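Asks:
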Amino acid sequence: MIRRNRILRNSPAIRAMVAETILTPADFIAPLFVTEGKGVKEEIGSMPGYFRHSLDLTVKEAQDLWAMGIKSVLVFIKCPDELKDNKGTEALNPDGLMQRAVKAIKDAIPDMVVMTDVALDPYSSYGHDGIVEGQEIVNDATVNVLAEMSVSHARAGADLVAPSDMMDGRILAIREALEYNGFSKTGIMAYSAKYASCFYGPFRDALDSAPGFGDKKTYQMDFANAREALKETLMDVEEGADIVMVKPAMAYLDIIRLIKDSVTVPVSAYHVSGEYAMIKAAAKMGWLNEEKAVIESLTSIKRAGADLIATYFAKDAVQLLNK
Ligand code: PBG
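Following full-length UniProt numbering, the numbering of the sequence shown begins with 1 at its first residue and continues without gaps.
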């Protein structure tokens with residue numbers, strides 16, 4: 001034998017020297033769930049250890065994240081039932097919870113990169129990402145609302161809007177609306193390859209946004225397909241996406257790699273609520289070591305090609321990396 005591969009695995013020091021993939025706090029985007037009220041901190045049933053916070057506590061949470069070196073948050077809001085309708089009217093309210101949340105976070109931590117979810121589902125009486133007519137989720141009317149919503153988020157101070165709806169043509173419409181309204185510095189992180197996935201279940205509990213009828217398969221992608229992810233992503237880049245996203249992450253590492261090798265914009269991956277819940281549940285049963293599962297999962301997502309990872313483990317991961 002003239003090649004002994006185990007030489008480079010011999011000790012923690014040598015393994016650290018040759019490690020190809022290193023996680024850092026700046027890799028992470030921390031999702032935040034905001035709810036109305038004051039001093040409210042509600043644990044999400046299917047996401048143990050993760051919370052909905054009222055605005056005051058959201059700002060505190062964002063300050064903690066910033067102090068740990070996490071540079072970005074992705075804001076979601078829980079819309080009160082009485083404000084939901086088919087057109088997502090509340091999404092455009094300049095004084096809505098999302099708009100107030102963005103302002104409050106940017107006021108407290110001006111350098112934090114604030115991203116906002118753009119889709120109708122939290123505001124929709126049907127729990128769908130777009131406007132419903134009959135049984136259909138209509139594309140073009142939805143895109144108009146998404147563009148207006150993006151401008152409203154930009155006006156509140158968002159650094160990037162993050163359309164998660166999977167309507168056709170929304171990136172171009174959003175870019176044009178931002179330009180037309182003078183928000184040339186506001187970027188777009190496009191959920192480009194977003195699959196119709198069962199792994200979003202716990203998130204829909206968090207925001208009470210489960211679809212009231214049917215499923216999301218006429219707009220989110222079929223998990224049987226890879227080339228379609230490339231088609232979607234290349235189009236989003238052409239339409240003006242600054243960052244593209246693959247979602248979920250762990251069952252889609254092949255897609256992350258495919259996209260990484262095919263575009264020159266940064267690629268993000270969303271390690272989604274169901275992926276969080278699986279690790280939490282197995283750890284609770286004593287079947288998995290949570291800390292090791294978290295670092296291995298996030299490292300594998302980065303190794304697959306993700307430049308950024310949206311994850312509910314952002315804070316835990318930074319604590320583990322600092323150990
Ligand atoms: C809604 C949206 C969803 C997620 C992010 N934005 C759910 C869905 O599409 O039904 C999922 C995030 C997660 O599961 O962590 N447009």
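Quick reminder that beta carbons are idealized off the backbone N, C-alpha and C, glycines included. On a predicted model such as this, the values are computed, not experimentally measured, just so you know.
Indicate the three-state DSSP secondary structure (helix, strand or coil) for residue 278 in the structure shown.
Replies: Start at 1 with the first residue of the sequence shown, and residue 278 comes out as number 278. Looking at residue 278 - three-state DSSP - the assignment turns out to be helix.
Asks: Going by C-alpha to C-alpha distance, which of 172, 191, 312 sits closest to residue 49?
Replies: The residue given as residue 49 occupies position 49 in the sequence shown. With distances taken between CA atoms, residue 49 lies nearest to 312 out of 172, 191, 312.
Asks: For the alpha helix (DSSP H) that contains residue 292, what are its first and last residues?
Replies: Translated into positions along the sequence shown, residue 292 becomes position 292. Here the alpha helix (DSSP H) through residue 292 covers 290 to 304.
Asks: Tell me whether the segment 150 to 163 and the segment 97 to 105 touch, counting them as touching only if at least three CB pairs, one residue from each stretch, are closer than 8 Å.
Replies: yes
Asks: Compare the C-alpha of residue 302 against each of 215, 27, 1 and name the closest.
Replies: Taking the sequence shown and counting its residues from 1, the one referred to as residue 302 is at position 302. The shortest C-alpha separation from residue 302 is found at 27.
Asks: Run through DSSP, which three-state label would residue 158 get?
Replies: Counting from 1 along the sequence shown, the entry for residue 158 is found at position 158. Residue state, collapsed to three classes: coil.
Asks: Candidates 62, 199, 197, 179: which alpha carbon is nearest residue 34's?
Replies: Here residue 34 refers to the residue found at position 34 when the sequence shown is read from its first residue. Residue 62 is the option with its Cα nearest to residue 34.
Asks: So residue 146 packs on residue 122, CB below 8 Å; how close in whole Å?
Replies: Residue numbering aside, residue 146 sits at position 146 when the sequence shown is read from its first letter. Residue numbering aside, residue 122 sits at position 122 when the sequence shown is read from its first letter. No, residue 146 and residue 122 are not in contact; Cβ-Cβ is about 13 Å, not under 8 Å.
Asks: So for residue 97, helix, strand or coil by DSSP?
Replies: Within the sequence shown, numbered from 1, the residue matching residue 97 stands at position 97. Residue 97: helix per DSSP, three-state reduction.
Asks: In chain order, what residues of the same chain have a beta carbon less than 8 Å from the beta carbon of residue 18, not counting five sequence neighbours either side?
Replies: Looking up residue 18 in the sequence shown gives position 18. These residues qualify, in order along the chain: 8.
Asks: Please determine, among 94, 306, 270, the residue with the shortest C-alpha to C-alpha distance to residue 197.
Replies: Taking the sequence shown and counting its residues from 1, one reaches residue 197 at position 197. The shortest Cα separation from residue 197 among 94, 306, 270 belongs to 270.
Asks: Identify the continuous alpha helix (DSSP H) that holds residue 272 and give its terminal residues.
Replies: Working through the sequence shown from its first residue, we reach residue 272 at position 272. It is not in any alpha helix (DSSP H) - residue 272 carries neither H nor E in the DSSP assignment.
Asks: What does the alpha-carbon distance come out to for the pair residue 30 and residue 13?
Replies: Taking the first residue of the sequence shown as 1, we reach residue 30 at position 30. Taking the first residue of the sequence shown as 1, we reach residue 13 at position 13. Cα-Cα distance, rounded: 30 Å.
Asks: Provide the residue(s) that pair with residue 115 in DSSP beta bridges, ordered along the chain.
Replies: As a position in the sequence shown, residue 115 is number 115, starting the count at 1. Note: residue 115 is bridge-paired with 74, 160 in the DSSP secondary-structure output.
Asks: Cβ-heavy atom distance between residue 236 and the ligand PBG below 8 Å?
Replies: Along the sequence shown, one-based indexing puts residue 236 at 236. For the ligand PBG, not one heavy atom lies less than 8 Å from the Cβ of residue 236.
Asks: Between the Cα of residue 336 and the Cα atoms of 252, 143, 168, 64, which residue gives the shortest distance?
Replies: Because the chain here runs from 1 to 323, residue 336 falls outside it and cannot be looked at.
Asks: Measure the CB-CB distance between residue 208 and residue 81 and report whether it falls below 9 Å.
Replies: Translated into positions along the sequence shown, residue 208 becomes position 208. Translated into positions along the sequence shown, residue 81 becomes position 81. Yes, the pair counts as a contact, with Cβ atoms nearer than the cut-off.
Asks: Can you confirm whether the segment 231 to 245 touches the segment 186 to 197 when touching is taken to mean that 3 or more C-beta pairs between the two stretches lie within less than 8 Å?
Replies: yes
Asks: Exposed or buried, residue 267, counting other C-beta atoms within 10 Å across all chains shown (16 or more means buried)?
Replies: Position 267 of the sequence shown holds residue 267. Buried.
Asks: Just mark residue 15 as buried or exposed, buried being the case when its beta carbon has 16 or more other beta carbons within 10 Å.
Replies: Taking the sequence shown and counting its residues from 1, one reaches residue 15 at position 15. So residue 15 ends up on the exposed side.
Asks: Note down, in chain order, each residue of its chain lying with its Cβ closer than 8 Å to the Cβ of residue 221, except the 5 sequence neighbours on either side.
Replies: Locating residue 221 in the sequence shown gives position 221, counting from the first residue. For residue 221, where only same-chain residues beyond five positions count, the Cβ hits under 8 Å are 166, 193, 194, 195, 196, 228, 229, 232.
Asks: Starting from residue 202 and walking both ways along the beta strand (DSSP E), at which residues does that stretch end?
Replies: By one-based count along the sequence shown, residue 202 stands at place 202. First-last for residue 202: 201 to 207, but that is the alpha helix (DSSP H), not the beta strand (DSSP E).
Asks: Beta carbon of residue 58, beta carbon of residue 119: below 9 Å?
Replies: By 1-based counting over the sequence shown, the position of residue 58 is 58. By 1-based counting over the sequence shown, the position of residue 119 is 119. Their beta carbons are not under 9 Å apart, which means residue 58 does not touch residue 119 by this criterion.
Asks: Pick out the complete alpha helix (DSSP H) segments inside the segment 123 to 189, 4 residues or longer, and give them in chain order.
Replies: Qualifying alpha helix (DSSP H) stretches, in chain order: 139 to 156, 170 to 180.
Asks: Output the distance between the C-alpha atoms of residue 1 and residue 10, rounded to the nearest integer angstrom.
Replies: Taking the first residue of the sequence shown as position 1, residue 1 is located at position 1. Taking the first residue of the sequence shown as position 1, residue 10 is located at position 10. Using only the alpha carbons, I get a separation of about 17 Å.
Asks: Relative to the C-alpha of residue 40, which residue among 261, 53, 252, 180 is closest?
Replies: Against the sequence shown, residue 40 aligns to sequence position 40. It is 53 whose Cα lies nearest to the Cα of residue 40.
Asks: Near residue 183, what residues of its chain come up, given a Cβ to Cβ distance below 7 Å and the 5 sequence neighbours on each side ignored?
Replies: In the sequence shown, the residue the question calls residue 183 occupies position 183. Here the set comprises 151, 154.
Asks: Cβ of residue 246 within 9 Å of Cβ of residue 255?
Replies: In the sequence shown, counting from the first residue as 1, residue 246 sits at position 246. In the sequence shown, counting from the first residue as 1, residue 255 sits at position 255. Contact: yes.
Asks: Can you give me the C-alpha to C-alpha distance between residue 74 and residue 42, rounded to a whole angstrom?
Replies: The count along the sequence shown starts at 1 and reaches residue 74 at position 74. The count along the sequence shown starts at 1 and reaches residue 42 at position 42. Those two C-alpha atoms are separated by around 18 Å.
Asks: Starting from residue 58, follow the beta strand (DSSP E) in both directions and report where the run begins and ends.
Replies: For this step, residue 58 is matched to residue 58 along the sequence shown. It is not in any beta strand (DSSP E) - residue 58 instead sits in the alpha helix (DSSP H) that spans 55 to 67.
Asks: Are the CB atoms of residue 314 and residue 412 within a distance shorter than 9 Å?
Replies: The displayed coordinates of the chain run from 1 to 323. Any statement about residue 412 would go beyond what the structure contains.
Asks: Once you ignore the five residues that flank residue 45 on each side, which residues in its own chain have a CB closer than 7 Å to its CB?
Replies: The sequence position of residue 45 within the sequence shown is 45, counting from 1. Around residue 45: 205.
Asks: Just to check, is the beta-carbon of residue 199 closer than 8 Å to a non-hydrogen atom of the ligand PBG?
Replies: By 1-based counting over the sequence shown, the position of residue 199 is 199. Checking the Cβ of residue 199 against the ligand PBG gives yes.
Asks: Is residue 335 helix, strand or coil by DSSP?
Replies: Residue 335 lies beyond the residue range present for the chain, which begins at 1 and ends at 323; the question has no answer from this structure.
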